[in-house]
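Trainee:
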Amino acid sequence: MAKRAASTKRSKGGRPKPSAAKSTTQGKASKRRYSRSASDEVGSELHRAKRGTARTKSGAKVNSRNQAVAIGLSKARKKGKKVPAREH
85 MAKRAASTKR SKGGRPKPSA AKSTTQGKAS KRRYSRSASD EVGSELHRAK
135 RGTARTKSGA KVNSRNQAVA IGLSKARKKG KKVPAREH
C-alpha cells in the first residue's frame, strides 16, 4: 500500500482548521456578508430539498434550489444570524 500524504485535520463542521503559520488577515480585511452558521443553515436546507423532505410554510414541497436557499436564509434570519436584509 502506498503511504497517504498528510491531510489537514478537519473540524466538526467539515472545514479545515487554519494553521498557525498562515495569517488570514493580510492586507485589507474583508468582511463576511453571511456568517458561517448561516451558510450551514442554507446547506442543510439544500440537503433536505435533495432528499425531498423540505417543505414551505404552507406545507408545499420545495421544487427548486432557489426556494431551498431562500428558506435557509429565512431560517437563519429568524435565529439572528448574520445575513443581509431581504431585497424587495
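Mind the numbering: the sequence shown is residues 85 to 172 in the working numbering, read in order.
The C-beta atom is built at its ideal place from N, Cα and C for all residues, glycine as well.
1. Determine whether the beta carbon atoms of V146 and V126 lie at a separation below 8 Å.
2. DSSP on R120, reduced to helix/strand/coil?
3. Using three-state DSSP, classify R170 as helix, strand or coil.
4. According to the Cβ coordinates, are G164 and E129 closer than 8 Å?
5. Within this structure, are the beta carbons of A173 and V167 separated by less than 8 Å?
6. Who are the Cβ neighbours of K159 in its own chain at under 6 Å, not counting the five residues just before and after it?
7. Check whether the Cβ atoms of A133 and R149 lie closer than 8 Å to each other.
8. Can you give me the Cβ contacts of T137 inside the same chain, cut-off strictly under 8 Å, excluding the 5 residues immediately before and after it?
Mentor: Concretely, from the data shown:
1. no
2. In the three-state reduction of the DSSP assignment, R120 falls in the helix class.
3. coil
4. no
5. Not covered by the structure: residue 173. The range shown for the chain is 85 to 172.
6. E125.
7. Yes, Cβ-Cβ distance for A133 and R149 is below 8 Å.
8. none
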